[in-house]
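Beneath this line is the structure, given in structure tokens, with notes to follow.
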Amino acid sequence: MVKVDKNKCIGCGICAGMCPETFQMDLSGKSEVIKNEVTDCAKKAATDCPVEAISVK
Ligand code: SF4
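Going by our numbering, the residue at position 32 of the sequence shown is 25; the numbering climbs one at a time, nothing skipped.
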């Protein structure tokens, strides 16, 4: 499962830029999951998110 904690997300856009098939920025500028599939890319985005808002398991 791939989840974004929107309370933590600062809207930097790294995850959506890195994995556009998994994440997109919503109207409030926060990331949202559009495809809930654990991919290597989603795992890397979770690692690279500066505020650890993404959980992948
Ligand atoms: S990388 Fe993290 S802080 Fe940046 S948009 Fe994605 S979830 Fe939000």
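All C-beta atoms in this analysis are idealised placements derived from N, C-alpha and C, irrespective of residue type, glycine included. It should be emphasised that the depicted structure is a prediction, and the values quoted were computed from it without experimental measurement.
Alpha carbon of residue i to alpha carbon of residue j, nearest angstrom
i, j, result
"V(-3)", "D33", "16 Å"
"G10", "M(-6)", "20 Å"
"G6", "D19", "10 Å"
"K23", "G4", "5 Å"
C-beta contact flag for residue i and residue j at 8 Å
i, j, result
"A46", "C2", "yes"
"K28", "T40", "no"
Proximity test, residue i beta-carbon vs the ligand SF4 heavy atom, cut-off 7 Å
i, result
"P43", "yes"
"I47", "yes"
"I27", "no"
For residue i: DSSP bridge partner residues
i, result
"E30", "According to DSSP, E30 bridges with nothing at all."
"E25", "Q17"
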